[in-house]
Amino acid sequence: MKKIMIDPITRLEGHGKIAIFLNDDGGVANTYFQVPELRGFEKFSEGRPAEDMPQITQRICGVCPEAHHMASTKALDALFHVEPTSTARKLRELLYSAFFVTDHTTHFYILAAPDFVMGPDAPPAERNILGVIAKVGLELGGAVIKTRHDNHWVIQTIGGRPIHPCFGLPGGVSKAINEEERAKIEEIAKSSVEFGKLSLKVFDDVVLKNKEYLDMVLSDTFTHRTYYMGLVDENNKVNFYDGKVRVVDPEGKEFCKYAPRDYLEHLAEHVEPWTYLKFPYLKKVGWKGFVDGKDSGVYRCTPQSRLNAADGMATPLAQEEYEKMYSTLGGKPAHYTLATHWARLIELLYAAERMVELVRDPEITSPDIRTIPTATPDEGIGIVEAPRGTLTHHYITDERGIIKKCNLIVGTTNNHAAISMSIKKAAVDLIKPGKEITEGLLNRIEMAWRPYDLCLACATHSLPGQAPMEVTIYDAQGNELKKLSQGI
Amino acid sequence: MKTLVLGTGNPILSDDGVGIKVAHEVANQFNSPQVTVAETSAAGLRLLDSIVGYDKVIIIDAIQTKKGRAGQIYRMKPEDFSFAKHLSSPHQINLVTALELGKMLNLVMPQEITIFAVEAKDVSNFRERCTPEVERAIPEAVKMVLQELNAKHPPEG
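Chains as they are written, first to last, in our numbering: chain A, 328 to 815; chain B, 1241 to 1397.
Below is the structure:
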């Protein structure tokens, strides 16, 4: 039989790269982070019925289809001028909370934990989920798989399909749940609360009790003083599904709070010649370049940012953990990028607690799940918090509801400027004149962007299934000095 | 024997969706209570969730190789990707690591996994159709999957 040598490349070819330029002294002059962007979505959506958008937009990304489905469904509520029923809102939030449990679980155990459990300088062959489970125990591994599996069942039961829900409609949802399903979801929700508590204990044992790691979390290399953004409820508590977008300044003072329909008054997008992806910034502060501080319009929306932008968590256990985190980090807001992993686990616990509240609500099994829209559609904006940042869908249609214009600001795009800054800061601190550039550098730089939980186009599925990264270092004359890569 | 045919990819991203198109066609042409045909756009742990409990899994996906010709079809095993198994990804783990994880946790893992990968030309532009080169390869890929299925699930009668 003929042996076929497979030499896969990826869609990052020509795009997904970090370029580091050195100055004459051998220190870092500048860094460029280029990510792939899928093209033509706006064009693709033009001419299609708006009701199809929750199905279509969730195909944009293989990592967070549920987030697109939800933002799109909310944009349809606004487009058709219809209020979903109370039960419909609760069912949507219940599904969305289950999604947050699965997504945050994946990120913490697959991505964040290996660096801390195995150590940031451990060889890549050990620094992965297999190493983590071998060290922390099979029982925890089983709990990770079970929590994800159970919550996917919740998503499927409420949403109608695994992975790609098909229940979001303007004015409500397409199906109700029965008592039997409700009871099972309640069991899963309670068990997810326990899992959230367990995960915070793992973080406490592994990271907080290790002085070296805590010092790294608090180090200047991984710190930026920026504005923070997140959705909040009427009490200014974190909410993933609904509310107003609140932004606080680097001192933690409320800078603005706006309804989804007003987002264009507050955000603008900066363009750089070296990347297709834009850089959103706060319009009223202005674009001052890749710098942090109060005078720069750069903002972040990550789990840490959401906690910074809110006054607290709406559930009791998560609130306790919230207070503990800020007391350990020395107050609000916390500017430590690596503490995002901690905030993510607090959000996981909140999502599970919120599931328990929602599933015990007497309305949750009501058949009153839809308000039929009767108004003429024109324009609609929907915002949710995706696990990796505020997600905005904006549609304009004709009077028949056919899409004329579509604009999306996805989670990772919001953080684009901050990610670039974090990479530069890590590179500046790590690459010093006369110091050898090693493979370990790759992971330290990864650690600077990993907390943002990047949602790259390449993170979907394509073989061989891991996202490549390439770091190229150039001298002051533009000659290539060293190239470090993985998965390319 | 319980078999899963899993088309993976993004059905609105040109050639990226070829695996799903092949799976749809297989579902039209093959019917057995022992065989489930499904689609997913997921990777890593979600892929693991999908395949647990099956004896045999056939995955159909798009691939891009350095010297590949668009529409070329490769029949592979998970081991063919072992060189990449310890690499991390922005949000997920790769297939081989997912399989190892399943074994480590004593999940009921498939005894046999076959991957059919179709060389893609365009995986960056949103479009429902594949490029002509890849579109032309679909019948051949379907034939290869059906042969694989017929070997394990001979037609009755």
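Where a beta carbon is used, it is the ideal one built from N, C-alpha and C, also for glycine.
Nonlocal neighbours in the same chain, by C-beta distance under 8 Å from residue i, ignoring five residues either side
i: arginine 771 of chain A; result: Pro447, Ala753, Leu757
i: glycine 761 of chain A; result: Gly353
CA-to-CA distance, residue j to residue i, given in whole angstroms
i: leucine 1335 of chain B; j: threonine 1248 of chain B; result: 12 Å
i: lysine 1307 of chain B; j: valine 1363 of chain B; result: 16 Å
i: leucine 535 of chain A; j: tyrosine 653 of chain A; result: 13 Å
i: proline 660 of chain A; j: lysine 564 of chain A; result: 15 Å
i: glycine 487 of chain A; j: lysine 417 of chain A; result: 16 Å
i: leucine 496 of chain A; j: aspartate 404 of chain A; result: 8 Å
i: leucine 467 of chain A; j: isoleucine 456 of chain A; result: 11 Å
i: alanine 1302 of chain B; j: proline 411 of chain A; result: 39 Å
i: glutamine 382 of chain A; j: methionine 397 of chain A; result: 10 Å
i: glutamine 1312 of chain B; j: threonine 1337 of chain B; result: 26 Å
i: arginine 366 of chain A; j: asparagine 1365 of chain B; result: 5 Å
i: serine 632 of chain A; j: tryptophan 776 of chain A; result: 15 Å
i: isoleucine 800 of chain A; j: valine 481 of chain A; result: 46 Å
i: asparagine 537 of chain A; j: threonine 1305 of chain B; result: 43 Å
i: glycine 616 of chain A; j: histidine 597 of chain A; result: 9 Å
Beta-carbon contacts of residue i that lie in its chain and below 7 Å, excluding the five residues immediately before and after
i: lysine 731 of chain A; result: Glu373, Ile723, Thr724, Asp725
i: histidine 479 of chain A; result: Thr429, Pro489
i: leucine 545 of chain A; result: Tyr663
i: threonine 553 of chain A; result: Pro577, Asp619, Val625, Tyr626, Arg627, Ala745
i: phenylalanine 1323 of chain B; result: Any reading at phenylalanine 1323 of chain B needs caution, since the residue's pLDDT is 45, under 50, leaving its predicted position unreliable; the model's value is listed next. Closer than 7 Å at the Cβ level, and outside the excluded window around phenylalanine 1323 of chain B, lies no residue.
i: asparagine 1250 of chain B; result: Asp1256, Gly1257, Ser1281
i: threonine 698 of chain A; result: Val409, Glu410, Pro411, Thr412, Gly498, Gly499
Residue-level contact to chain B via CB, residue i, 8 Å cutoff
i: asparagine 742 of chain A; result: no
i: glycine 367 of chain A; result: yes
i: arginine 475 of chain A; result: yes
i: phenylalanine 443 of chain A; result: no
i: lysine 465 of chain A; result: Per the sequence presented here, residue 465 of chain A reads as leucine, with lysine not at that position. True, the Cβ-Cβ gap to chain B drops below 8 Å.
i: isoleucine 456 of chain A; result: yes
i: glycine 353 of chain A; result: no
i: glycine 446 of chain A; result: no
i: glycine 469 of chain A; result: yes
i: alanine 346 of chain A; result: no
Member of the options whose CA lies at the smallest distance from the CA of residue i
i: leucine 527 of chain A; options: A/Leu672, A/Thr765, A/Lys762, A/Pro714; result: A/Leu672
i: lysine 759 of chain A; options: A/Ala346, A/Tyr779, A/Ile345, A/Asn350; result: A/Asn350
i: tyrosine 677 of chain A; options: A/Val500, A/Val520, A/Lys538; result: A/Val520
i: proline 1394 of chain B; options: B/Val1258, B/Asp1255, B/Pro1273; result: B/Pro1273
i: asparagine 742 of chain A; options: A/Lys344, A/Asp352, A/Gly353, A/Val362; result: A/Val362
i: alanine 679 of chain A; options: A/Lys810, A/Glu513, A/His720; result: A/Glu513
i: valine 798 of chain A; options: A/Lys462, A/Val463, A/Ile764; result: A/Ile764
i: proline 1350 of chain B; options: B/Val1262, B/Pro1372, B/Asp1289, B/Val1382; result: B/Asp1289
i: glycine 658 of chain A; options: A/Arg681, A/Pro643, A/Leu675, A/Leu634; result: A/Leu634
Buried versus exposed, by CB contacts within 10 Å (16 or more), residue i
i: arginine 454 of chain A; result: buried
i: methionine 1241 of chain B; result: exposed
i: glutamine 385 of chain A; result: buried
i: isoleucine 691 of chain A; result: buried
i: glutamate 1388 of chain B; result: buried
i: aspartate 619 of chain A; result: buried
i: glutamate 393 of chain A; result: buried
i: lysine 1325 of chain B; result: Interpretation of lysine 1325 of chain B is limited by its pLDDT of 34, a score under 50 that renders its predicted location unreliable; no figure is taken from the coordinates.
Nonlocal neighbours in the same chain, by C-beta distance under 6 Å from residue i, ignoring five residues either side
i: glycine 624 of chain A; result: Tyr608, Leu609, Val612, Gly613, Trp614
i: glutamate 712 of chain A; result: Leu558, Phe567
i: histidine 434 of chain A; result: Asp780
i: serine 693 of chain A; result: Thr414
Residue i Cβ short of 7 Å to the ligand HEM heavy atom set
i: leucine 1341 of chain B; result: Absence of the ligand HEM from the depicted structure is noted, as is the absence of any ligand whatsoever, leaving it without description.
Cutoff 8 Å: residue i Cβ touching any chain A Cβ
i: histidine 1326 of chain B; result: Because histidine 1326 of chain B carries a pLDDT of 35, less than 50, the predicted location of this residue cannot be relied on, and no value is offered for it.
i: arginine 1376 of chain B; result: no
i: isoleucine 1252 of chain B; result: yes
i: phenylalanine 1356 of chain B; result: no
i: valine 1245 of chain B; result: no
i: asparagine 1390 of chain B; result: no
i: threonine 1276 of chain B; result: no
i: aspartate 1289 of chain B; result: yes
i: threonine 1337 of chain B; result: yes
i: leucine 1386 of chain B; result: no
i: phenylalanine 1270 of chain B; result: no
i: asparagine 1286 of chain B; result: Reading the sequence as shown, one finds arginine at residue 1286 of chain B and not asparagine. So yes, arginine 1286 of chain B belongs to the interface.
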